[in-house]
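A.B. asks:
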Ligand SMILES: *Cc1c(COP(=O)(O)O)cnc(C)c1O
């Protein structure tokens with residue numbers, strides 16, 4: 156039986172050639188490909204700077220570090236996300252506060268968020284997640300953040316190429332650096348742009364950019380403009396010798412390799428094409444399930460949505476999941492709410508109930524959504540879903 160997964164990478168001959176070209180070159184890592192990928196990715200999002208890193212989780216960790224998350228600090232995020240969105244706060248010794256979702260968008264509910272911020276002045280930042288590829292109104296989040304003196308890390312792992320219209324009617328893209336201090340992306344194979352593993356941080360803030368570059372590579376710099384010592388106080392030399400470098404902070408090795416960067420850049424060149432296909436698939440699902448009594452909610456067709464996932468909320472979710480699987484359709488559940496995970500539940504004080512997120516979780520299922528899903532395969536998915544309820 157042919158299996159139809161919920162997501163799948165698309166590797167072309169051009170991708171393979173781009174990767175192999177680097178494998179035959181002088182640099183497997185720390186070569187010229189990284190900067191070319193960064194430049195292309197910054198241009199794609201509209202941000203001024205981009206920093207390539209080992210994966211999306213490393214991107215979140217560095218972003219949280221660079222924004223100064225430390226012991227005792229609280230940061231708000233959504234429970235309907237991959238655990239890494241929250242874990243980056245814990246890596247830095249901070250404390251995650253989960254806030255409930257808006258059942259209509261599956262994103263952080265702004266009214267609840269405001270209530271939480273009013274009730275707890277020790278919250279320092281927000282990590283909104285462009286869940287499934289749907290953009291939050293980042294302008295509203297920025298206003299809220301400014302009112303309470305908070306920073307924003309935009310988790311845009313699901314949303315490269317997603318956009319929303321601001322109050323002036325201007326189209327604003329995910330990761331463009333206008334509303335968030337920085338934005339993070341992942342190049343895991345289920346995401347829009349596949350590089351095996353990989354991640355990116357975009358920002359318009361030069362100081363933040365410099366700090367992220369430093370932290371990505373052990374906290375070591377070779378840039379003489381940034382040296383803290385003088386030649387005299389490193390051993391009486393009259394100049395900085397070529398080998399000289401300084402470790403100025405406790406950083407990590409979170410670098411991306413050059414062959415991954417080449418694969419990522421080759422994939423990025425086809426991103427718009429893939430997005431059109433995802434949107435065409437979404438349109439078809441939205442129409443197919445518009446009037447079904449067993450559907451309580453769905454992603455629908457939303458302007459600017461990047462459709463990393465297409466979600467249905469249904470009756471008898473477990474039954475549907477098993478029926479689809481028996482028919483070779485490997486639908487998936489995104490996500491088990493983070494605040495219900497043992498790690499977070501077992502923390503001191505526990506976790507308060509988040510009714511909208513918990514209800515969503517009981518009925519959500521992600522249907523196959525990827526650019527190479529054929530019209531016949533999608534039709535089979537739609538008919539199989541309907542057959543379960545017939
Ligand atoms: C995939 C993902 C991450 C983590 O990215 P990795 O590259 O797998 O480390 C973080 N947040 C969200 C929302 C994701 O989907």
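Residue numbers (the numbering used here): 156 to 545.
In this text, a Cβ means the ideal position worked out from N, Cα and C, and glycines have one as well.
1) When the distance is taken between beta carbons, is residue 397 closer than 9 Å to residue 184?
2) Spatial neighbours of residue 170 within its chain, please: CB distance less than 7 Å, with the 5 preceding and 5 following residues excluded, ordered by chain position.
3) Does DSSP classify residue 252 as helix, strand or coil?
4) Candidates 358, 413, 209: which alpha carbon is nearest residue 191's?
5) Go ahead and pull the three-state DSSP assignment for residue 452.
6) Taking a contact to mean a Cβ-Cβ separation below 9 Å, would you say residue 496 touches residue 238 in this structure?
7) Tell me the residue span of the alpha helix (DSSP H) that contains residue 310.
8) Measure the Cβ-Cβ separation of residue 213 and residue 409 and say whether it is below 9 Å.
9) Please identify the residue among 278, 275, 284, 276 whose C-alpha is closest to the C-alpha of residue 256.
10) Tell me whether residue 436 sits in a helix, a strand or coil according to DSSP, three-state version.
11) Decide if residue 510 is buried, meaning its Cβ has at least 16 other Cβ atoms within 10 Å, or exposed.
12) Taking Cβ to Cβ, would you say residue 436 is nearer than 9 Å to residue 465?
13) Is the beta carbon of residue 357 less than 9 Å from the beta carbon of residue 196?
14) When every heavy atom of ligand 1 is checked, does at least one fall within less than 8 Å of the C-beta of residue 215?
15) Can residue 211 be considered in contact with ligand 1, in the sense that its beta carbon sits closer than 8 Å to one or more heavy atoms?
16) Considering only the alpha carbon of each residue, which of 487, 193, 280, 263 lies closest to residue 342?
17) Hey, how far is the Cα of residue 179 from the Cα of residue 363?
18) Pick helix, strand or coil for residue 421, following the three-state DSSP scheme.
19) Using a Cβ-Cβ cut-off of 6 Å (strictly less than) and excluding sequence neighbours within five positions of residue 228, which residues of its own chain qualify?
20) Under the three-state reduction of DSSP, which class applies to residue 293: helix, strand or coil?
21) Looking at residue 272: is its Cβ nearer than 9 Å to the Cβ of residue 296?
22) Is the Cβ-Cβ distance between residue 471 and residue 516 less than 9 Å?
23) Hey, could you find the ends of the beta strand (DSSP E) residue 544 is sitting in?
24) Between which two residues does the alpha helix (DSSP H) harbouring residue 172 extend?
25) Looking at the unbroken alpha helix (DSSP H) that takes in residue 475, where does it start and where does it end?
26) Distance cutoff 9 Å, beta carbons only. Does residue 508 sit that close to anything in chain C?
27) Using a Cβ-based criterion (distance less than 8 Å to any ligand heavy atom), does residue 352 qualify as near ligand 1?
28) With DSSP run on the structure shown, which of helix, strand or coil describes residue 207?
29) Can you find at least 3 beta carbon pairs, one from the stretch 332-346 and one from the stretch 312-324, that sit closer than 8 Å?
30) Going by DSSP, which residues form a beta bridge with residue 520?
31) Taking the alpha-carbon of residue 253 as reference, which of 505, 306, 527, 542 has the nearest alpha-carbon?
32) Below 8 Å, is the gap between the Cβ of residue 239 and the nearest heavy atom of ligand 1?
33) Taking the C-alpha atoms as reference points, what is the distance between residue 220 and residue 401?
34) For residue 340, write down the residues that DSSP places opposite it in a beta bridge.
35) For residue 521 and residue 486, which I take to be in contact (beta-carbon distance under 8 Å), what is that distance rounded to the nearest angstrom?
36) Can we count residue 338 as close to ligand 1, meaning its CB is less than 8 Å from some heavy atom?
C.D. replies: Concretely, from the data shown:
1) Result no, Cβ atoms of residue 184 and residue 397 do not sit closer than 9 Å.
2) 418, 421, 422
3) strand
4) Comparing Cα positions, the closest option is 413.
5) strand
6) yes
7) Premise fails: residue 310 lies in the beta strand (DSSP E), 306-310, not in any alpha helix (DSSP H).
8) yes
9) 284
10) The answer is helix: DSSP assigns residue 436 an H, G or I state.
11) With fewer than 16 other Cβ atoms within 10 Å, it is exposed.
12) yes
13) yes
14) yes
15) Under cutoff, so the answer is yes.
16) Nearest option by C-alpha distance: 193.
17) 34 Å
18) Residue state for residue 421 is assigned as helix, using DSSP reduced to three classes.
19) 249, 279
20) helix
21) no
22) no
23) No beta strand (DSSP E) holds residue 544; the alpha helix (DSSP H) holding it covers 530-544.
24) From DSSP, the alpha helix (DSSP H) with residue 172 extends over 168-178.
25) 472-481
26) Reference to chain C is not applicable here, since this structure consists of a single protein chain.
27) Checking the Cβ of residue 352 against ligand 1 gives yes.
28) Strand, per DSSP.
29) yes
30) In DSSP, residue 520 forms a bridge with 467.
31) 505
32) yes
33) The alpha-carbon atoms of residue 220 and residue 401 are separated by roughly 19 Å.
34) 355
35) 6 Å
36) In this structure, residue 338 has its beta carbon at no less than 8 Å from each heavy atom of ligand 1.
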